[in-house]
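Novice: What follows is a single structure, and I will ask about it in a moment.
Numbering (the working numbering), first residue to last: 75 to 473.
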């Protein structure tokens, strides 16, 4: 390969890595911010949590990609952030949420070390797990509808830009919506309160605590959706491009990084699913053996984003929460659609009819947002779906 071609492909890898980082960050930043604040983080702790997530993603992406010479892309758990929104305020507050993050991370590490736990998670029918995720996401995806009625002047421009960009280039639609939201917030700041910008995180680590409510409402659902909706699809996407993910090292690395970052407010990092395709495809580099450099660039980009995150959250502090929630809802529409499709239209699973009925029950319970005995609807949805699936199976055998 000639020198100009080498430089061209190197530039291609760098640009793709930066683009993948920007898409991953902007498309779900609002979801994570909303989730952390819902379970008790104030602005300072939420900022520290997002900074910790960016650094964890950067370090693990750099380490795994360099070690295994493949485009192993790491991301924060977007479905996990939706679980936090569904859980709401829990007994024990923010410290209990941090304790739940650590427990979920240790479960991921244990899955990498003890295959039986992975098989137990895999035994949950995929439509039921996807229905639980869809039910959790529904409330977030409805936010733009209510926000446009309450703040039409601020929200309508975001929706219009998102729709027009989606029609032209779907991949960049949520990035455009995010930028538009920043412009809206900037205009409000100019005409109203000017935010005080904090470039460095203001909060240190939080001493974790453990409560039954947090373990059941946050740790268990967070672990399940991170495995079922992030790690497993991430492996499948990589496989479709000819890469065999080192399963045990990947789970161990992401689990350890999550546990280390959790006291600072980071809920979970995992193998990327949404953005994994960019570094792994020929958009990254024509030679599959060289695509790992794109994930290295992505990791470096996340380290830079981590440096700017605290200032960004300070800037957003003057905006109505509905503005950020609108971007979050738009960013999750694709995930909601794919979750519903997997939950209701998968005829390849065993006992497809029974599974579909159980998935509908799971979705309804999760979407209800009902809290029973201090435990959020996401856990009860999983229990309800598995019970229905089991009873229908027993009935089929009896017949």
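We put the beta carbon where it would ideally sit given N, CA and C, even for glycine.
#1: Taking 7 Å as the threshold (C-beta atoms), are residue 221 and residue 392 in contact?
#2: Kindly confirm or deny that the region 373–385 and the region 190–207 touch, where touching means at least three C-beta pairs closer than 8 Å.
#3: Would you call the region 186–202 and the region 282–290 touching, i.e. three or more CB-CB distances under 8 Å?
#4: Please name the residue, chosen from 396, 100, 356, 142, that lies closest to residue 245 on a Cα-to-Cα basis.
#5: What whole-angstrom Cβ distance do residue 132 and residue 345 have, given they're in contact under 8 Å?
#6: What would DSSP say about residue 449, mapped onto helix, strand or coil?
#7: Straight-line CA distance for residue 447 to residue 281?
#8: Tell me whether residue 343 sits in a helix, a strand or coil according to DSSP, three-state version.
#9: Quick one: residues in its chain with C-beta nearer than 7 Å to the C-beta of residue 92, no 5 flanking neighbours on either side, listed in chain order?
#10: Quick one: what's residue 246 bridged to in DSSP?
#11: Specify whether the region 302–311 and the region 460–469 touch according to this definition: at least 3 beta carbon pairs, one from each stretch, less than 8 Å apart.
#12: Can you tell me which residues form a DSSP beta bridge with residue 148?
#13: Inspect the beta-carbon positions of residue 149 and residue 214 and report whether they are closer than 7 Å.
#14: Quick check: the Cα distance between residue 77 and residue 86, rounded to an integer number of angstroms?
#15: Are residue 107 and residue 406 close, meaning C-beta to C-beta below 7 Å?
#16: Go through its chain and collect everything with a Cβ distance to residue 440's Cβ below 6 Å, but skip five positions before and after it.
#17: Return helix, strand or coil for residue 224, following the three-state DSSP convention.
#18: Please return the same chain residues whose Cβ sits closer than 7 Å to the Cβ of residue 320, not counting the five positions on each side in sequence.
#19: Which term fits residue 314, buried or exposed, when burial requires 16 or more other beta carbons within 10 angstroms of its beta carbon?
Specialist: According to the structure shown:
#1: What you label residue 392 is simply residue 318 of the chain shown in a count that begins at 1. What you label residue 221 is simply residue 147 of the chain shown in a count that begins at 1. Cβ distance not < 7 Å, so residue 392 and residue 221 don't count as in contact.
#2: Touching, no, given that fewer than three Cβ pairs across the two stretches are closer than 8 Å.
#3: The region 186–202 vs the region 282–290: no contact.
#4: As a working mapping, residue 245 is identified with position 171 in the chain shown. Looking at the Cα atoms, 100 is the closest of the given residues.
#5: Translated into the one-based positions of the chain shown, residue 132 becomes position 58. Translated into the one-based positions of the chain shown, residue 345 becomes position 271. Taking the Cβ atoms as the reference, residue 132 lies roughly 15 Å from residue 345, outside the contact range of under 8 Å.
#6: Taking the first residue of the chain shown as 1, we reach residue 449 at position 375. For residue 449, the three-state secondary structure derived from DSSP is strand.
#7: Residue 447 sits at position 373 when you count from the first residue of the chain shown. Residue 281 sits at position 207 when you count from the first residue of the chain shown. Spanning the two alpha carbons is a distance of roughly 25 Å.
#8: Translated into the one-based positions of the chain shown, residue 343 becomes position 269. Strand.
#9: Stepping through the chain shown from its first residue, residue 92 is reached at position 18. For residue 92, the CB contacts under 7 Å within the same chain, skipping 5 residues up- and downstream, are 371, 375 in chain order.
#10: The residue labelled residue 246 in the question sits at position 172 within the chain shown. Paired residues: none, contrary to the question.
#11: Contact fails: fewer than three Cβ-Cβ distances are below 8 Å.
#12: As a working mapping, residue 148 is identified with position 74 in the chain shown. In the DSSP output, where bridge partners are listed per residue, residue 148 has 345.
#13: Translated into the one-based positions of the chain shown, residue 149 becomes position 75. Translated into the one-based positions of the chain shown, residue 214 becomes position 140. For residue 149 and residue 214, no; Cβs fall outside 7 Å.
#14: On the chain shown, position 3 is the one that residue 77 refers to. On the chain shown, position 12 is the one that residue 86 refers to. Interpretation of residue 77 is limited by its pLDDT of 45, a score under 50 that renders its predicted location unreliable; no figure is taken from the coordinates.
#15: By one-based count along the chain shown, residue 107 stands at place 33. By one-based count along the chain shown, residue 406 stands at place 332. No; because the gap between Cβ atoms is not below 7 Å, this pair is not in contact.
#16: For the purposes of this step, residue 440 is taken as residue 366 along the chain shown, with counting starting at 1. So the qualifying residues of the chain are 206, 209, 210, 451, 452, 455.
#17: Along the chain shown, read from residue 1 onward, the residue named residue 224 stands at position 150. Helix at residue 224.
#18: Here the question's residue 320 lines up with position 246 in the chain shown. Non-local C-beta neighbours of residue 320 in its own chain, meaning closer than 7 Å and more than five positions away in sequence, comprise 142, ordered along the chain.
#19: What you label residue 314 is simply residue 240 of the chain shown in a count that begins at 1. It counts as exposed.
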